[in-house]
Amino acid sequence: MLVTALFVVRTRDLLAATMLLGAYSLLSAGMFMVLDAVDVAFTEAAVGAGVSTILMLYALVASGRFERTPTRPQWLPLLVVLATGAALVWGTFDLPPVGAPGNPVHQHVAPRYLQQSGAEIGIPNVVTSVLASYRGYDTLGETAVVFTAGLGVWLLIGGLQRRGAAAPVLASAPHANLILRVVSKFLIPVILLFGLYVQFHGELGPGGGFQAGVILASALIVHLQVFGADQTRQIVPESLLRVLAPLGVLLYGGTGVAGLLLGGNYLDYHPLGRTPVGGQHLGILLVELGVALTVSSTMLLLCYLFAARVARR
Amino acid sequence: MSSLGLYNYWIVIALMMVGLYAVIARGHLVKKLIGLTLFQTAVFFLYISMGFVHGGAAPILSEGVAVYSNPLPHVLILTAIVVGVATTALGLALVVRIREAYGSVDEDELERMDSDA
Amino acid sequence: MTAATHLALTLVVPLLGGLTMVALHRWPRLRDGVVVLTAAALFACALAVLADFNTGDAPLLRLAEPFPGIPLALRAEPLGVLFALLASGLWLVTSVYAIGYLRARRESHQTRFHICFAIALAGAMGVALAANLLTLFVCYEALTLSTYPLVAHAGNQNALRGARTYLSILLATSIGLLLPAIAWTHVLAGTVEFTLGGVLAGKAGPLEATLLLALFVLGTGKAAVMPVHRWLPAAMVAPTPVSALLHAVAVVKAGVFTITKVVLYIFGTDFLAGIPAERLLVYLAGFTIIAASVVALRQDNLKRMLAYSTIGQLSYVVLAALLLTPLAEIGAALHMVAHAFGKITLFFVAGAVYVAASKTQVSELDGIGRRMPWTMAAFSIGALSMVGVPPTAGFVSKWYLIAGAFQNDFHFVLAVLVVSTALNAAYFLPIIHRAFFRPERVAPRIDHGEAPWPMVAALLVTAALTLLLFFFNAPVVELEKALVRMP
Amino acid sequence: MSAHAQLLIVLLPLLAAPLAALMRTPDAAWALATAIAWSVLSLALLLLLQVQAEGVLSYAIGGWAAPWGIEYRLDPLGALLQLLLAAVAAAILPWTRQSAARELERARLPGFYAALLLLQAGLLGIVATGDAFNVFVFLEISSLSTYALIAMGRDRRALTAAFRYLILGTLGATFYLIGVGLLYALTGTLNMADLAARLPAVADTRTAHTAVVFVTVGLGLKLAMFPLHAWLPNAYAYAPSAVTALLAATATKVALYVLVRFVWTIFGAEFAFGAIPLAALLGVLAVLGMLIASAVAVRQDEVKRLLAWSSVAQIGYALAGLALASGAGLAAALLHLANHGLMKGALFLALGNIAWRFGNTRLSTLRGLGRAMPWTMAAFVAGGLSLVGVPLTVGFVSKWALLQAALAAGAWWLVGAIALASLLALAYVWRVVEVAYFEASESRDLRCEAPLGLLLPTWLLVLANLWLGIDTRWTLGLAEAAARALAGAGL
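Here it is, written out as C-alpha cells:
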C-alpha cells in the first residue's frame, strides 16, 4: 500500500501514475475487507478503481502524458508535510488501541444500531440500515453531492455540439477490436444483471444504491469504450441522463416528504407501510433506487461529457 | 496504552503525508488531484481502523455471531468516498478546461501566463 | 412650538433647504433666494433656542437609539447655543457673500456648493447642540464629509491633492483617536452624556485621564493643534466663501468647541486641576500659538497666512479651556466669537481682493487701499481684532484670557499671550501699512474698483459686528456665566 | 407545517435545485430560484420568532432520537445566520437575472440557477444541522457548487482560481474531517450537543488538542483566515458578479459560524481558550490579516480584487472579536458578521452594475462614472462609507461594538489595529471615489445608468445598510442574544 502510494508520487509518467492509483484503490479495498468493512471495500473498488481511473484517463488524453520535472524548491512542502504528520502522530498517542472492543467508539452510539436495528428495521445489513434510515439525511446530502458534481461538470464542459463521429478511444487497431467487441457483447448483460442483483441484495449482504449505480454505469461505459460514444448515445441519449440524475434526487427527497405528509418527521419511513418495519423496508428500497438512479446516470453522463470534450480536441 | 495497537494509525498517517506531499509539491494539476485522492483514501482508513473490533464480524446480522465491528464509520466513509470522487471529477473537468484555455496544465506556467496577461 | 421642536428644526431646516435647492436646480436666481431664506430661517431657530434656554427650558430631544443606553439626542446648553448662534448668523452673511462670489467667478456646480454648505451647517448645529459624545461624533463626521466636496470644488489636480490631505488627516484623527477615546470614556464612565462638572471624576486614574485628554485633544483634528494642523493650509485651495465660513467659523470652531465641551462636561475643571500632567497640553497649545504665528509671518499667499493665523488663534481657545479657571472658560467662549467675526472679515476681504483685482499674494497689495477703501478698512478692523487692540472684540476676549491666567498665576500662559500678540501685530500691521501708505508699484491690468456689492456689504457687516461685540459683550458674558456657575 | 419549518428551510432549495436543472428556459429557472429565496426568507423569519419564543429548537430527522439519528438544532446564533443568508440571497437573486443573462450563455443558465440553489441549500444546511458529520456533507455541497459557479466566470483566470479554491477547499474539508474523526474516536458520538457533554471527560488528552487544531486549520482554510486566504482574491475577482456578491456576503460567514459553534458550544470557552492558546493565535492572525490585507487592497487596480482583499481584512475583524474570548467580543464578532454581509453585498452589486454596463471593473473603467452612473456610484459610496465605519452606517455599529469589547477586555493591540485598518479602508475606498467623481473622462459623458432591475436590489441592500446603522434593534439585539445564549456569562 505504502510502497504503491510512494511510487505513484515519484513517477513522472502520469499514465503509470493513474494505473498505479487504480491498483492502490484495489489494494485499499482489500485492506477494508480485512478490517471488516465490506460495503466500503465494495464501493472503493467500484468507484475508486473504476470510475475515477476512467475519468483520469480522459483528462490525461486531453492534457498530455508526462509531467515536467518539478522546478520549485522541494524542502518547503516536505517541511509542512512532516510537521502535519508529526502533529498527527503526537495526537494519536492518547487514542484507544485499534480493535479493542472496550473503545469508547463501541460503547456509545454504535451498540444500539447493532442490537435494535434487526428489530426496528428488520434487515441484516446494519450498514445499509444506518445508511438509509438512521442517518438517511447524510445519504440524501451525498446524493445531492453526486448530482452537484454532475451538474458542475456539465456546466463546465457540457453543452457541446459533437462535430463528427467520436472515434472510440481504443479503436487504434480495428482487428484487435473484434475480440473486444465479442467479449464485451457477452459481458455487458452479465454486468447489468449483477448490478440489479447488488441493488436489491443491498439489504441482506454488502451492496446498495451506490455500488449498484456504479456497476450499471460501468456496463454502459464498457460499451462506450468499445463501440464508441455514438452507438452508446443511441441506446442511452444524454438528455435522458440529464433527466434521470435530478429525478433520483427528487425520488429520494420525495420519499422523505411522503413520510412527512403521513405524519412522521422528515425521512421517517414508519408511516409508509402498514407496519413500521414494513414501512422501513419500503422506504429503504425506494431510497436505494433513488441513489442508484442518480449515481448511474451521473457517472455515465460524466463519461459522455469527457468523451465528447476529448474527441472535440 | 499499548503503543503496538497504534501502529495501524501511524501507517495511515504516513499515507496521508504522502498524499499531502503530492498535493503541495507537484506542479502538475492532475498529479495534485491524484495526491488529493491518496490523502482522502488515507483519511478513510483512519475512520475504518477506528471502527474495527478484533474478532468481530462484518456488521451484517447473522445467527451465532455476537461481536460485530462498528457500522457507523462505514456509513460515514461511504459518503466520504462518493464526495471524494465527486470532487475529483469536478477537478478533472477543470483541468480539461484549463488545458483548453491555457494550453498547459503546469501550475508555474499558468502563473507566468496569468501574471503577464 | 415647544423648545424640543426648535431643537429639531435646527437640524431639519438646513437639510430641507438643501432639498429645495436640488429641486430648483435649473433656476439659479430662485435657488440663491432659497439659500438666503434657509440661512435666515436657521438663524431664527437658533434665536428661538436661545430664548427657550434663557427661560430655563432645555429639554432633551431624543432622535434615535442606535445603541442601548446611548441615544442620538440634542440638548441646549450655554456653550452650544452660543456656537449655534455664531454659525447660523455667519452663515446668513456668508450665503450673501457666496452668491456674489460665485456669480462673479461664474463657478460651475453652484448647486452642489450650496447643498454641501447646507449639510455642513446641519452638521455644525448638530455638534453645537449634541447631548452626548456619540451624537457629537456623528455630526462631527457629517461635517467632515460634507465639506470634502467643497474643498475639492475646483476639481483640478492640486484641489484634489489638497482635499485628499484635508480628508485623510481629519478622518484619520477622528476614527483613529477620537472614536477610541469616546469608546474608552464609555467603558470607564459608563456614560457619554454631557453633564456639567464632568463624568470621569473618580473613575479614571491620573495617568488614564491624561492619556484620554491627549487622545481627545489630538483626536479632534478640527482644532488644528500643532501635530494635526496640516489640513488647514491644505484646505485653502477651496473657494474663499468656503474658507471664510468653514475654516474660520464652522469647521474649526467645531473642533475647538468639542475640546472645550469635553474639558467642561466630560472631565470637569476641578477633576482636571488635580492632574499635574494636564500642564503638558497647555504647553502644547502654547507652542502651537507661537509656531503658527512665526510661520504666518513668512507666508506670502494671503489665504495661507490667514490659515496659519487661524491655527494660532484656535490654540488660544484650547489654551483658555485648559487653564481651568472660570474667567478663562468665559474667555475661551468669547474668543471663539471674537475670532470668528475678525477672521471671517479677513477671509471676505481676501476673497474680494481676489475677485476684484485677482491678487492673492501679500506683496501685490501695494496701494490697494486707495482702490478698495471699504474693503481694506474692514481688513484693518479685522486685523486689529486679531491683534487685540481696544475698540475691537479681540481685546475683550484677550482681556478675559489674561484675567484667567492671573487667576491661577500661570506665568507661561502670560508670556505666550504677550509674545503672540506681538507676532500677530508683526504680520498684520505691515499689510495695512502696505495697502494704504505705499504707492502702487505696477498698474493693475484692469482698473478695478470695489468688489461686487453683495461681497462688500457682507464684509462690512462682519467688521461692524467685530466692533459691536466690543461694546455689547455683556449678553454673551451673561450667557457664559451659566456655564461656570459651579466652577 | 410550522413544526417542520426548521427542516423545510434547507429542503426547499435542495429539492428545487434538481427541478431548476430540469427547466428548459432560463427565466423559468430564475423564477423558481427567486420564489425559493423569498420563501426561505419567510421561513427564516418564522424560525427566528419561534426561537425567540421557545428557545433552542430541535428536530430529529427520520424520527430517530438525537445521538443515533441526525438532529437539527437551531439556537439564536443559527437563527441570526439563517436570516442573514436568506435576506442577502433574497436581495441578490432578483438582481441576478439581468446580470447573469449578460455574463453567461443562455444554455447554461438553468444549470447556473440550480447551482445557486445548491449553494444556498448547502450554506443553510450547515447552519441548521446539529450533527458534526452532516456539516461536512453540506460543506461539500456548497463548496462543489461554488467551484462550478466560480469557474463559469468569463475571464480564463476564473478557471485557475476555481481550481486553486478546489484544492485548498478540499484540503480544508479533509482537515475538518480528520478533526471530527479524532473527536469521534474519543467520544463515540457525532451529535454536537452530545459531543459537548462527553468531551470534558477526555478534554486533557493530546488527541483532543490535535482535534481542535485540525478543525481550526480546516475551517481556517474555508474561512480564508489570514495565512490560508490565498484562494479568495482570485476566486471573488473572476467569478460572475452575482456569484461574487453571494459568496462575499455569505460563504466565509458560514465557515466562521462553524468555528464559533465548535469553539463555544462543543469545546466550551474554558477548554478552547484555556488549554490551547487559541485566543492568542486567532488574535495575532486576525490583526495580521486586517493590516496586511487592507494594505494590499490599497494597491489593487481591479476594484473587485480590491474588495476581495478587503473581505479578507474584514474577516480579520470578526476573528479579532472572537479572539477576545469574552461574551462582548463574541457579540461584536457576530454583529460584524451580519453587518459585513450587508456591506459587501451592496458593494459587489454596485460593481455588478458597472460590470453589466462595461464588462469589467478595472479602476480605469470607473473614471467619470460619478456622473455617468450616479445611482450606482452613490450606492458604492454608501457601501464604502459603511466599510470605513462612518457613523450612521452599519459599519460604525460593528466598529463601535468591537471597540467596546476590546477596551472592556483591555486589548489595546486590537484598538490600534482597528484604527489603522479602518484608515487603510478609507484609503482604498477613497481611491475609487476619487477616480469616479473627480477624474473626468471624455468618452463617457452620456448617462448610462444600469436598468431598474439591477438598481433596485442594490439600493435595497444600501438602505438596509443605512437603516440598520441607525435602528440596531435587529442586528445588535440578535447578536447579543446569540452571544448570551452561547457564552452564558453576562455580556
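Residue numbers (the numbering used here), protein chains in the order written: chain W, 4 to 316; chain S, 20 to 136; chain A, 251 to 737; chain E, 46 to 536. Cβ coordinates follow ideal geometry from the N, Cα and C atoms, glycine included.
Throw me the rounded Cβ distance for the Val377 of chain A and Tyr390 of chain A pair, which I believe falls under 8 Å.
So it is a contact: roughly 6 Å between Cβ atoms.
Can you check whether the C-beta of Asp39 of chain W is within less than 7 Å of a C-beta belonging to chain S?
Closer than 7 Å: yes.
C-alpha gap between Val54 of chain W and Ala20 of chain W, whole angstroms
15 Å
What residues of chain W sit near Ser190 of chain E, judged by a beta carbon separation below 9 Å?
Thr151, Leu154 and Gly155
With distances taken between CB atoms, is the gap from Ala78 of chain E to Leu130 of chain E smaller than 7 Å?
Between Ala78 of chain E and Leu130 of chain E, the C-beta spacing is not below 7 Å.
What span of residues does the beta strand (DSSP E) with Pro436 of chain E cover, start to end?
Counting along the chain, Pro436 of chain E falls outside any beta strand (DSSP E), and DSSP gives it neither H nor E.
Members of the segment 450-464 of chain E that neighbour chain A once the beta carbon cut-off is set at 9 Å
Ala451, Leu452, Ala453, Val460, Gly461, Ile463 and Ala464
Euclidean distance between Cα positions of Leu253 of chain W and Leu369 of chain E
45 Å
Looking at the strands, I want to know which residues DSSP matches up with His47 of chain S.
S:Asp125
Can you give the Cα-Cα distance for Ala310 of chain W and Phe425 of chain E, rounded to whole angstroms?
46 Å
I want to verify the contact list: residues of chain E whose CB lies under 8 Å from the CB of Trp341 of chain A, in sequence order.
Those within 8 Å of Trp341 of chain A in chain E number zero; the least Cβ separation is about 23 Å.
With 16 other CB atoms within 10 Å as the buried threshold, where does Trp504 of chain E fall?
buried
How about Leu471 of chain E and Val433 of chain E: do their beta carbons lie closer than 7 Å?
yes
Mind checking whether Thr625 of chain A and Ala590 of chain A have CB atoms under 7 Å apart?
no
Assign Ile182 of chain W to buried or exposed, taking buried as 16 or more other Cβ atoms, counted over all protein chains shown, within 10 Å of its Cβ.
exposed
Determine whether the Cβ of Phe483 of chain E lies closer than 7 Å to any Cβ atom of chain A.
Output row for Phe483 of chain E: interface = yes.
Any C-beta of chain W under 7 Å from that of Ser103 of chain E:
no
Under 7 Å, do Leu119 of chain E and Leu102 of chain E count as touching if we go by C-beta distance?
yes
Tyr26 of chain S: buried (16+ other C-beta within 10 angstroms of its C-beta) or exposed?
exposed
Using alpha carbons as the reference points, say which of E:Ala48, E:Ala74 and E:Ala82 lies closest to Tyr104 of chain E.
Nearest of E:Ala48, E:Ala74 and E:Ala82 to Tyr104 of chain E, Cα basis: E:Ala48.
Proximity winner among A:Val668, A:Val285, A:Leu352 and A:Pro491, relative to Val637 of chain A (alpha-carbon distances)
Ranking A:Val668, A:Val285, A:Leu352 and A:Pro491 by Cα distance to Val637 of chain A puts A:Val668 first.
Looking at C-alpha atoms only, which residue of A:Ile618, A:Tyr558, A:Trp649 and A:Pro641 is the closest neighbour of Leu673 of chain A?
Nearest of A:Ile618, A:Tyr558, A:Trp649 and A:Pro641 to Leu673 of chain A, Cα basis: A:Tyr558.
The segment 436-451 of chain A / the segment 354-366 of chain A touching (three or more Cβ pairs under 8 Å)
no
Going straight from the alpha carbon of Val507 of chain E to that of Asp42 of chain W, what length do you get?
53 Å
Through-space distance from Glu525 of chain E to Trp519 of chain E, alpha-carbon basis
10 Å
Own chain partners of Pro702 of chain A with C-beta closer than 6 Å, once the 5 adjacent residues on each side are dropped
Gly350 and Ala354
Mapping DSSP to helix, strand and coil, what is Ala295 of chain W?
helix
Taking only beta-carbon positions, decide if Pro127 of chain W is within less than 7 Å of chain S.
yes
Step through the CB atoms of chain E and report whether any lies within less than 7 Å of the CB of Arg13 of chain W.
no
Measure the C-alpha to C-alpha separation of Leu514 of chain A and Ala481 of chain E and round it to an integer number of angstroms.
43 Å
Inter-residue Cα distance where the pair is Ile509 of chain A and Asp659 of chain A:
23 Å
Whole angstroms is fine: what's the gap from Leu462 of chain A's alpha carbon to Gly455 of chain A's?
10 Å
If I follow the unbroken beta strand (DSSP E) through Ala103 of chain E, where does it start and stop?
The sequence given here has Ser at residue 103 of chain E, not Ala. Leu102 to Ala105 is the extent of the beta strand (DSSP E) around Ser103 of chain E.
In this structure, what does DSSP give as the bridge partners for Val72 of chain S?
W:Gly102
Which runs of the alpha helix (DSSP H) fall wholly inside the segment 369-429 of chain A and span at least 4 residues, in chain order?
383-401 and 407-423
Please go through the same chain and pick out, in chain order, the residues whose beta-carbon is closer than 6 Å to the beta-carbon of Gly54 of chain S, but skip the five residues on each side of it.
Gly38, Ala41 and Val42
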